[in-house]
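What follows is one structure encoded as structure tokens, with my remarks underneath.
Protein chains: 2
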Amino acid sequence: MLKVPEHQVAGHLAIDGKLGPLVDDSGRFYKPLQGDGRGNKELAFYESFSSDTRVPDHIRKYFPVCYGSQLLEASNGSGLLHHLVLQDIVSSHRNPSIMDVKIGSRTWYPEASDNYIQKCLEKDRRTTTVSLGFRIAGLQLYGGKESGYWRPGRKEVQSFTVYNVRSILRRFVSSNSSIGNENSDCSFAPSIYGGSAGILEQLLELKAWFEDQTIYHFHSCSLLILFDKESVSKGSASVPEIKLIDFAHVVEGKGVIDHNFLGGLCSLIKFVSDVLSDSKESSIKDCVESEKPGICTDNGNCQ
Amino acid sequence: MLKVPEHQVAGHLAIDGKLGPLVDDSGRFYKPLQGDGRGNKELAFYESFSSDTRVPDHIRKYFPVCYGSQLLEASNGSGLLHHLVLQDIVSSHRNPSIMDVKIGSRTWYPEASDNYIQKCLEKDRRTTTVSLGFRIAGLQLYGGKESGYWRPGRKEVQSFTVYNVRSILRRFVSSNSSIGNENSDCSFAPSIYGGSAGILEQLLELKAWFEDQTIYHFHSCSLLILFDKESVSKGSASVPEIKLIDFAHVVEGKGVIDHNFLGGLCSLIKFVSDVLSDSKESSIKDCVESEKPGICTDNGNCQ
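Residue numbers (our numbering), protein chains in the order written: chain A, 1 to 303; chain B, 1001 to 1303.
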């Protein structure tokens, strides 16, 4: 019944006898409770969060539903282990393109040990975390039936520069992403990043909450961005989604906003809106150059 | 002609034979060019900034005017030294209450040396920089003719906790600030923090620019908040001001927003708007409790 998730792009994988999350066919995701208290902290977060009436409904949809915990056979054969039972976000998508973006210009928190802080700081400086306020922790791009998925390895992902990140945010919404060229067409940008139900609007809704909420500080938490390219190509109703995941390092906000998360989120928003503006501009240019009698619509297409 | 500034609340003071800034009677502020290249970096910033057409006029007003540099006798008697010639922001205020707030949850920048980063990080963790995304670097509160100014010493300022910062942001706009009690009345909050020309609106205007500008990253830069309590009490037209100062550690933005400054600024905005909301609520309470037949106006006063 339980199996290794097909579309996991970051974190520990339940392969080669290792410990990792599992999924079932009913849309549930089983995440083994991590040792050294982190698993219990994440479970405690979900419990506190799901009963917290201060969290508005329009924000709650950006978090996976949690169904408590359950004892299950661990994927590494070590026997029964407590697992967090979560909504399998990916299960509703057929060929999902997914990006896991770790938000914040630091992944450590003030209360942590000096050792932990130095370890995180080193990685934050080595990746784009310090410079961009976020880093891509993993991704897969669906290129179509023939080319399948592009899923760069962990080492490649960890070496992404600012330039790479900008280029990946373009390739993520391009019809020619699979060939890995530098001239991504960004043809899906208007329908994925743009529009009233697009990624940008969702990020802005989340941002408005972070400008005000002082309940939680989300350290080392990831934002998943996912969509189904085939649905988009076919004009289907499938909407792009964002979800926050990984809450082992959430601490109380104590009346202060999560300025670390918010700053990084604003940086990501700027990158996404840059891609969207560029794609609109180049659409207008295309319309003009092709001397079509049509006009450019709001979503960047020629009419 | 040149003298030690009367209202300098942070930084090196030109007293006891030490090197520090000087002012004249015509509203100019002379800042000695700091050694190890920092002075030249600050001068270079002002030169680049003042000719940068990408900076809109409504943002330019938040920076002191720079009149170039000038050779002057240094305050420590070491002879002629280059000084940055700036607008003396404080000169237009009679009895200014001033707060110097260093913005950002880190004061170091990625390109700095490991030693410099460790030194900054240590201070950032010791102060409220990491927890709040900003720290108060100095302040003076004018209490009236009799009580004069409250200006805490450097050590006291450096030991401010989150609790202290919140309390000072209340005392800063209270009529009973000089007695240092815990029940600051925040009676000036509606006219200083609130209103269309108040501190909050100015901070929000600056924030909107920081959400978009990718030209500069302002590390270890301060935001001065200043106003003249006597003018406010007398209902004069003197408006509260914010100004950015200290640009020795500004680096190029290279297409990325200054998420470190922006996050800290948003945190400060939340603190200021919390004080404002509280003061409005307590005004309404006062109106109700005093059973006045009046109503509470938008600026929190009873009518």
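For each residue, glycine too, the CB sits at the ideal point set by N, CA and C.
In this structure, the alpha-carbon of residue 1063/B lies about 5 Å from that of residue 1244/B. Using a Cβ distance threshold of 8 Å, residue 199/A and residue 168/A do not count as a contacting pair. Taking 8 Å as the threshold, the shortest C-beta distance from residue 251/A to chain B does not fall below it. Contact of residue 125/A with chain B by beta-carbon distance below 9 Å involves 1110 and 1117. Burial is judged here by how many other beta carbons sit within 10 angstroms of a residue's own beta carbon; residue 197/A has fewer than 16 and is exposed.
In chain order, 1038, 1041 and 1042 place their CB closer than 6 Å to the CB of residue 1248/B, counting only its own chain and leaving out the 5 sequence neighbours on each side. Between the C-alpha atoms of residue 1228/B and residue 1136/B there is a straight-line separation of about 19 Å. Around residue 1282/B, no beta-carbon contact reaches into chain A at under 8 Å, the shortest distance being about 18 Å. Closest in C-alpha terms to residue 82/A, from the list 91/A, 72/A and 88/A, comes 72/A. Cβ atoms of residue 69/A and residue 27/A stay farther apart than 8 Å, at about 17 Å.
With at least 16 other beta carbons inside 10 angstroms of its own, residue 117/A counts as buried.
A straight-line Cα-Cα distance of about 11 Å links residue 194/A and residue 203/A. In this structure, DSSP gives residue 1102/B an extended state, which the three-state scheme calls strand.
Exposed is the label assigned to residue 58/A, since fewer than 16 other Cβ atoms lie within 10 Å of its Cβ. Straight through space, the alpha carbons of residue 1230/B and residue 1144/B are spaced by roughly 8 Å. For residue 260/A, the neighbours in chain B by C-beta distance under 7 Å run, in chain order, 1105 and 1263.
With 16 or more other CB atoms across the displayed protein chains lying within 10 angstroms of its CB, residue 20/A is buried.
If you check the CB distance, residue 52/A and residue 215/A come in under 8 Å. The three-state reading of DSSP puts residue 51/A in coil, since its state is none of H, G, I, E or B. Among the residues facing chain A, residue 1204/B is not included, as its CB has no counterpart in that chain under 8 Å away. For residue 1222/B, the CB contacts under 8 Å within the same chain, skipping 5 residues up- and downstream, are 1010, 1100, 1101, 1102, 1103, 1137, 1244, 1245 and 1246 in chain order. Residue 1096/B counts as buried, since no fewer than 16 other beta carbons sit within 10 angstroms of its beta carbon.
The C-alpha of residue 1122/B is placed about 30 Å away from the C-alpha of residue 34/A.
For residue 65/A, the secondary structure class from DSSP, reduced to helix, strand or coil, is coil. Under the DSSP definition of a beta bridge, residue 244/A partners with 223/A. Cβ contact annotation for residue 176/A (same chain, cutoff 6 Å, sequence separation greater than five): 185, in chain order.
Residue-level contact check: residue 266/A touches chain B, since one or more beta carbons of chain B fall below 8 Å from its beta carbon. Interface with chain A (8 Å Cβ-Cβ cutoff): residue 1168/B is excluded. Every beta strand (DSSP E) of 3 residues or more that sits fully in the stretch 1013-1052 of chain B is shown, in chain order, as 1028-1032. Within the same chain, 1107 and 1249 come within 6 Å of residue 1220/B by CB-CB distance, once the 5 residues on both sides are set aside. The C-alpha of residue 130/A is placed about 6 Å away from the C-alpha of residue 124/A.
By the Cβ neighbour-count rule, residue 4/A is exposed, with fewer than 16 other Cβ atoms within 10 Å of its own. In the DSSP assignment, residue 142/A forms a beta bridge with 149/A. In terms of Cβ geometry, residue 1255/B and residue 1105/B do not form a close pair [threshold 8 Å].
Taken atom to atom, the span from the alpha-carbon of residue 211/A to that of residue 1210/B is near 14 Å.
For residue 136/A, the beta-bridge partners assigned by DSSP are 101/A.
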